[in-house]
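In this note's numbering, the protein residues as written are 265 to 391.
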């Protein structure tokens, strides 16, 4: 192969590798985020108020999609879980943003009076 063709081919290969190397991570699909909630009702009337208020947020388009809602789990080892909910979000960042949003933050004081509440977010698998 002629030296000029070899240099041109090497330059083309280097350019292709450079483009692949600088492709932003955002071009790859983000994994979904799942908010896992475990709770126990300690004040029934307050819980009903919280349910109404959180339903209003969902009607406004805030929040994720319930995958599991108000389910009792079966213990395979350790302490049995309380009532559980799993809410899917487009990403972990969106789940955290929802939890920290002013609209949802406004519900937390009443929620915490009515429920023993534990929640966290996990990253799901990209399909």
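We treat Cβ as the ideally placed atom computed from N, Cα and C, and that holds for glycine.
Please read these numbers as outputs of a predicted model, since none were measured by experiment.
Coarse secondary structure for residue 276, derived from DSSP in three states: Interpretation of residue 276 is limited by its pLDDT of 45, a score under 50 that renders its predicted location unreliable; the figure taken from the coordinates is listed afterwards. Residue 276 falls in the helix class under three-state DSSP.
List the residues that DSSP assigns as beta-bridge partners of residue 297. 353 and 387
Can you tell which of 364, 391 and 324 has the C-alpha that lies nearest to the C-alpha of residue 383? 364
Looking at residue 387: is its Cβ nearer than 9 Å to the Cβ of residue 356? yes
Starting from residue 334, follow the beta strand (DSSP E) in both directions and report where the run begins and ends. 329-336
Buried or exposed for residue 299, going by 16 or more other Cβ atoms inside 10 Å? buried
Pull up the CB-CB distance for residue 369 and residue 351, whole angstroms please, since I reckon it's below 8 Å. Incorrect: roughly 16 Å between the Cβ atoms, too far for contact.
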